[in-house]
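>
Numbering (my numbering), first residue to last: 1498 to 1691.
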C-alpha cells in the first residue's frame, strides 16, 4: 500500500469511527419525505450521511473555484436523486447505494484515491465498443468504475462463492481469472480481461 492509499484508509477509518454515534449532517427536526425520515431513524444511513458530509467538505477544499461551483450543483442534484429513492422497491438499499456512489465519486474527483490503471476488456458481442474497468480496492466497499463508450457506472463488490462480483443499479459484473460476464442495462456481454 502506497502513502496515498494508506492516507485514504486512515481517513476512511477515522471518519467511520468519528461518526459511530452521529446524527445525520442535516437537522432531523426539519426532515422531509420518506427518505430523510428513514435516514434519521437508521444508524447506518446516519453514518453514511456524516461520512458524505466530511468527504464533500474535504473535496471542496481541494477543488479549484470553478469546479466547486459545478460540484455544488452536482450535490444538489445528488440530494434530489437520493430523495427519489422513495420510488424504489427497496428504499434502504437505494439510499445506501446512493451514498456509497457519491462518496466514491467525490474521493475520485478530489484526488483522495489514487487512480488505478484501467483495464480494457474485450467482449465478443460488442467487439467495437470500448469497455474499461478501474478497480478501487481501498474504497469501502471495494468498487469498480466501468466505462462503456461514453457511459460510466460505479459498481460495488458483493459476496460471491467464486470470483469477484460488482453490482450497481442495472449493472452486474462477475470476473474469474481472465473471464468476465457483464450485464449492462439488460445487455449480456461475455468478455476477456487482458
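Glycine residues also receive a C-beta, built at the ideal position from the N, C-alpha and C atoms.
#1: For the beta strand (DSSP E) holding residue 1678, just list the boundary residues, first then last.
#2: Nearest-angstrom Cα distance between residue 1525 and residue 1591?
#3: Within 10 angstroms of its Cβ, does residue 1601 collect 16 or more other Cβ (buried), or is it exposed?
#4: Just reading off the beta strand (DSSP E) that residue 1543 is part of, what are its end residues?
#5: Hey, which unbroken runs of the beta strand (DSSP E) at 3 residues or more fall wholly within the region 1624–1663?
#6: Once you ignore the five residues that flank residue 1588 on each side, which residues in its own chain have a CB closer than 8 Å to its CB?
#7: Just to check my reading of the structure: residue 1663 and residue 1654 have Cβ atoms closer than 8 Å, yes? What is that Cβ distance to the nearest angstrom?
#8: In the DSSP output, what is residue 1669 paired with across the bridge?
#9: Take the Cβ of residue 1630 as the centre, count every other Cβ of all protein chains shown within 10 Å, and call the residue buried at 16 or more, exposed below.
#10: Roughly how far, in whole angstroms, is the beta-carbon of residue 1596 from the beta-carbon of residue 1546, given that I think they are within contact range, below 8 Å?
#11: At what residues does the beta strand (DSSP E) containing residue 1620 begin and finish?
#12: What did DSSP end up calling residue 1589 once you bin it into helix, strand or coil?
#13: Take the Cβ of residue 1577 as the centre, count every other Cβ of all protein chains shown within 10 Å, and call the residue buried at 16 or more, exposed below.
#14: Using the beta-carbon count (16 or more within 10 Å), is residue 1685 buried or exposed?
#15: Does DSSP put residue 1527 in a helix, a strand or coil?
#16: Compute the distance between the beta-carbons of residue 1643 and residue 1679, then report whether it is under 9 Å.
For this structure:
#1: 1676–1681
#2: 20 Å
#3: buried
#4: Counting along the chain, residue 1543 falls outside any beta strand (DSSP E), though it belongs to the alpha helix (DSSP H) covering 1540–1559.
#5: For the beta strand (DSSP E) assignment, the uninterrupted runs of no fewer than 3 residues enclosed by the region 1624–1663 are, from N- to C-terminal side, 1628–1633, 1640–1645 and 1648–1655.
#6: Result list for residue 1588: 1531, 1532, 1535 and 1582, in chain order.
#7: 6 Å
#8: 1664 and 1680
#9: buried
#10: Confirmed, about 7 Å.
#11: Note, residue 1620: beta strand (DSSP E), 1616–1620.
#12: helix
#13: Counting C-beta atoms within 10 angstroms of its own C-beta, residue 1577 has fewer than 16 neighbours from the protein chains shown and is therefore classed as exposed.
#14: exposed
#15: helix
#16: Yes, the Cβ-Cβ distance between residue 1643 and residue 1679 is below 9 Å.
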